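Participant:
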Amino acid sequence: MRKRISTFFRRNFVTGLIVIIPAFVTFVIVRALVRWVNGALSVLPPQYHPRTYIPIFGIEIIIAFILILLIGVAANNFFGKKIINLSESLLARIPVIKTVYQGIKQLSTGIFSDKKIFTRVVMMEFKASGLSLIGFVTGEMESILPGREGKKVLKIFIPTTPNPTSGFFCLAAEENVTPLDISVDEAFKLIISAGYAEFDPAALQQKPSA
150 MRKRISTFFR RNFVTGLIVI IPAFVTFVIV RALVRWVNGA LSVLPPQYHP
200 RTYIPIFGIE IIIAFILILL IGVAANNFFG KKIINLSESL LARIPVIKTV
250 YQGIKQLSTG IFSDKKIFTR VVMMEFKASG LSLIGFVTGE MESILPGREG
300 KKVLKIFIPT TPNPTSGFFC LAAEENVTPL DISVDEAFKL IISAGYAEFD
350 PAALQQKPSA
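Our numbering numbers the first residue of the sequence shown as 150 and each following residue consecutively.
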């Protein structure tokens, strides 16, 4: 009975966290945008202030929502994409910002977009410490390590818990990783919940060869 109650609270609490964390992050971003809009509107004379003509409580929230919507619309049309590409090309000319921006953008695409950059889930074992880490294969490349020149190695991203947008980048030979029979989404859920999300332990076994 006690185990059942513990399982109930753990499962539902973790599920609640998974639901509320993205909502909370969205709220923080929107609140920051609302404050920016409010600050921008506060310097306008009364005759130019939207509240003068639209006396609605929370007009700043409405304006912030419209701005987000317009950015989304712009990003999905031809001219909007041109503007975004121009902005990105300008950022690409700034040495440090270029590296940070492109890295975050590619990682965000891999996590949130339908165009996934993570192809499969693998497990890496650190034999010296006895640890095994779950990672995502992002591609392949030829090794430049002494003694392994020209051999294929996997590019692997190992996210941290509970923030999967940070982590480690590793290179590993195919024979040094274990392919897992688990989807990328399931692996992310497991990582974000620090292992508390329900999952089939058999999924962490080696994926059968095709």
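For every residue, glycine included, the Cβ atom is placed at its ideal position computed from N, Cα and C. Every value quoted in this text rests on a predicted model; they were computed, and no experiment measured them.
#1: Check for me: the beta strand (DSSP E) holding Leu320 runs from which residue to which?
#2: Using CA coordinates, which residue listed in Ile154, Thr287, Leu235 is at the minimum distance from Phe318?
#3: Quickly, what does DSSP pair Ile283 with across the bridge? List them, please.
#4: Keeping to the same chain, check which residues put their C-beta closer than 7 Å to that of Pro313; ignore five residues upstream and five downstream.
#5: Taking just the CA atoms, how far does Thr327 sit from Phe306?
#6: Would you tell me roughly how many angstroms separate the C-alpha atoms of Gly279 and Met272, rounded to the nearest one?
#7: I need the boundaries of the beta strand (DSSP E) containing Phe337, first residue and last residue.
#8: What residues in its chain sit with their C-beta under 8 Å from that of Ala343, if we drop five residues either side in the sequence?
#9: Of the choices Val177, Gly221, Ala321, whose alpha-carbon is the least far from that of Glu274?
#10: Can you tell me whether Lys230 is helix, strand or coil according to DSSP?
#11: Less than 6 Å between C-beta atoms, sequence neighbours within five positions excluded: which residues of the same chain meet that for Ser238?
#12: Nearest-angstrom Cα distance between Phe214 and Ser315?
#13: Grab the span of the beta strand (DSSP E) containing Ile243 for me, first residue to last.
#14: Do we get a CB-CB distance below 8 Å when we pair Phe214 with the residues of chain B?
#15: From the DSSP output, read off the bridge partner residues of Thr327.
#16: Go ahead and pull the three-state DSSP assignment for Gly288.
#17: Label Arg151 either buried or exposed according to how many other C-beta atoms from any shown protein chain fall within 10 Å of its C-beta, with 16 as the threshold for buried.
Facilitator: For this structure:
#1: 316–321
#2: Thr287
#3: Met272
#4: Ile260, Phe337, Ile340, Ile341
#5: 14 Å
#6: 12 Å
#7: Where Phe337 is concerned, there is no enclosing beta strand (DSSP E), although the alpha helix (DSSP H) it sits in stretches over 333–341.
#8: Thr310, Pro311
#9: Ala321
#10: helix
#11: none
#12: 28 Å
#13: Careful: Ile243 lies outside any beta strand (DSSP E) and carries neither H nor E.
#14: In summary, chain B is missing from the structure at hand, where a single protein chain is found.
#15: Met272
#16: strand
#17: exposed
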